[in-house]
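Residue 26 is where the sequence shown starts when you use my numbering, and the numbers rise one by one after that. Positions of the beta carbon are idealized from the N, C-alpha and C atoms, including for glycine. Have a look at the structure below before the remarks.
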Amino acid sequence: MKKVTLMLAAVVAACTLTACGGDSAKGNAITFGTNPEFPPFEYVTSNGVIGEFDGIDMAIAKKIGEDNGMEVKMESMEFDSLLVALQNGQIDAVIAGMTATDERRETVDFSTPYYTATQVMIVKEDSDITTAADMADKKICVIQGYTGEVCVQDMGYTYEAFKKGTEAIMELVNGKCDVVVLDSATAQKYVSDNEGLKIVEDASAFESEEYAIAVQKGNTELLNKINASVEKMLADGTINDLAVQYTEAATAE
Ligand code: GLN
Numbered sequence: 026m027k028k029v030t031l032m033l034a035a036v037v038a039a040c041t042l043t044a045c046g047g048d049s050a051k052g053n054a055i056t057f058g059t060n061p062e063f064p065p066f067e068y069v070t071s072n073g074v075i076g077e078f079d080g081i082d083m084a085i086a087k088k089i090g091e092d093n094g095m096e097v098k099m100e101s102m103e104f105d106s107l108l109v110a111l112q113n114g115q116i117d118a119v120i121a122g123m124t125a126t127d128e129r130r131e132t133v134d135f136s137t138p139y140y141t142a143t144q145v146m147i148v149k150e151d152s153d154i155t156t157a158a159d160m161a162d163k164k165i166c167v168i169q170g171y172t173g174e175v176c177v178q179d180m181g182y183t184y185e186a187f188k189k190g191t192e193a194i195m196e197l198v199n200g201k202c203d204v205v206v207l208d209s210a211t212a213q214k215y216v217s218d219n220e221g222l223k224i225v226e227d228a229s230a231f232e233s234e235e236y237a238i239a240v241q242k243g244n245t246e247l248l249n250k251i252n253a254s255v256e257k258m259l260a261d262g263t264i265n266d267l268a269v270q271y272t273e274a275a276t277a278e
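Next comes the structure, spelled out in C-alpha cells:
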C-alpha cells in the first residue's frame with residue numbers, strides 16, 4: 026500500500042515538473058495562448074488551421090510546431106489575460122498580433138518580430154476627422170489593453186474602452202462614438218465588413234508597431250526554437266504569403 030502511494034506521488038511530481046505545467050514545450054507539445062477576436066490574425070471559424078482557430082498567427086503557430094516536432098495546442102482567452110497566463114505557466118507562448126512594447130518587455134521576452142502594423146482611426150465615411158489631433162473633442166472608442174488604448178491615453182484624450190473590437194465597431198456604426206483607434210490590418214477587415222466606414226491614417230501621430238510572439242522571461246530554449254522558425258518563414262516568404270492570403274480572404278468575404 027505504502028509503495029503504491031509513493032509511486033503515485035512520484036508520478037504526480039514528474040507530472041508537475043514536465044507535461045502538465047508551463048514547461049510542456051520542453052517535451053513535444055507547445056501550448057499557445059491567443060485571443061481569437063483579431064482578424065485576419067486570429068479568429069474562430071468552422072475549419073481553421075488549428076481546430077476552430079484560423080488566421081495568419083494560427084498558420085504561423087502551426088508551422089512553428091511542425092518545424093520543431095511539437096504538437097500545437099491553442100488556448101483562447103481575453104487579450105488582457107494572455108500575459109498573466111504566460112507568467113503563470115498556464116501557456117508556453119502568446120501569439121495574438123501582440124505588439125512588442127517596452128512595457129510588456131518588462132515582464133516577458135519577445136521573439137523576432139514577424140509583422141509591422143500601425144494604429145489607424147476608423148470613422149464614418151462622412152467624418153471630418155483627418156488627423157489624430159481632430160479626435161480631441163470627439164467620442165473615442167478603443168479596445169481594452171490594446172496598444173491603441175495606450176496611444177489614446179498618451180495623447181491625453183478621454184475614451185471608452187470595450188472588451189472586443191466588434192463591440193467598439195458597433196458603437197461607431199450606431200453613431201454612439203465618432204472614432205475607433207485600432208491596428209491597421211484588423212481595421213481594414215472591419216471596414217470591408219461594415220458599410221459606411223473608412224480608415225484615416227496619421228503617420229506622424231502613430232508610430233509603427235511590431236508583432237512578436239511572447240514567452241516567459243528567460244525561456245531561451247523555447248525562444249530559440251520559435252525564432253529559428255519565424256526567421257526561416259520571414260526569409261522564405263512564408264509569412265508574407267500568409268499575410269496576403271488571409272488579407273485577401275478577409276476583404277473578399
Ligand atoms: N497589437 C495590439 C496590441 O498588442 C492589439 C493586439 C490584439 O488585439 N490581438 O495591443
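Note on geometry: alpha-carbon atoms of Asn113 and Ala210 lie some 30 Å from one another.
Residue pairing of Phe78 in beta bridges, as defined by DSSP: Val69, Ile75. The stretch 51-61 and the stretch 101-119 touch, with three or more beta-carbon pairs separated by less than 8 Å. Contact annotation: Val97 and Ile75 have beta-carbon atoms nearer than 8 Å. Around the C-beta of Ala239, 16 or more other C-beta atoms lie within 10 Å, and the residue is accordingly described as buried. Relative to the non-hydrogen atoms of ligand 1, the Cβ of Ala121 comes within a distance shorter than 7 Å of at least one.
In the DSSP assignment, Tyr215 falls within the alpha helix (DSSP H) that extends over 209-218.
In the DSSP secondary-structure assignment, Lys223 is bridged to Val148.
In the displayed model, Gln270 falls within a helix according to three-state DSSP. Taken atom to atom, the span from the alpha-carbon of Ser71 to that of Phe78 is near 8 Å. Secondary-structure assignment with DSSP links Cys166 through a beta bridge to Glu185, Val205. Beta-bridge annotation (DSSP): Gln178 is not paired with any residue. By the neighbour-count criterion, in which a residue is buried when 16 or more other Cβ atoms sit within 10 angstroms of its Cβ, Gly190 is buried.
Counting only residues of its own chain and dropping the five nearest sequence neighbours on each side, Thr155 has a CB closer than 7 Å to the CB of Val225. At least one heavy atom of ligand 1 lies closer than 7 Å to the C-beta of Tyr171. Nearest to Thr172 by C-alpha distance, out of Ala193, Thr143, Lys163, Gly200, is Thr143. Asp208 has its Cβ nearer than 7 Å to a heavy atom of ligand 1. Distances between the C-beta of Phe63 and the heavy atoms of ligand 1 include at least one below 7 Å. For Ser136, no alpha helix (DSSP H) run applies, since DSSP gives it neither H nor E. Three or more beta-carbon pairs separated by less than 8 Å are not found between the stretch 178-186 and the stretch 237-252, which leaves the two stretches without contact.
Thr124 is classed as buried because its beta carbon has at least 16 other beta carbons within 10 Å across all chains shown.
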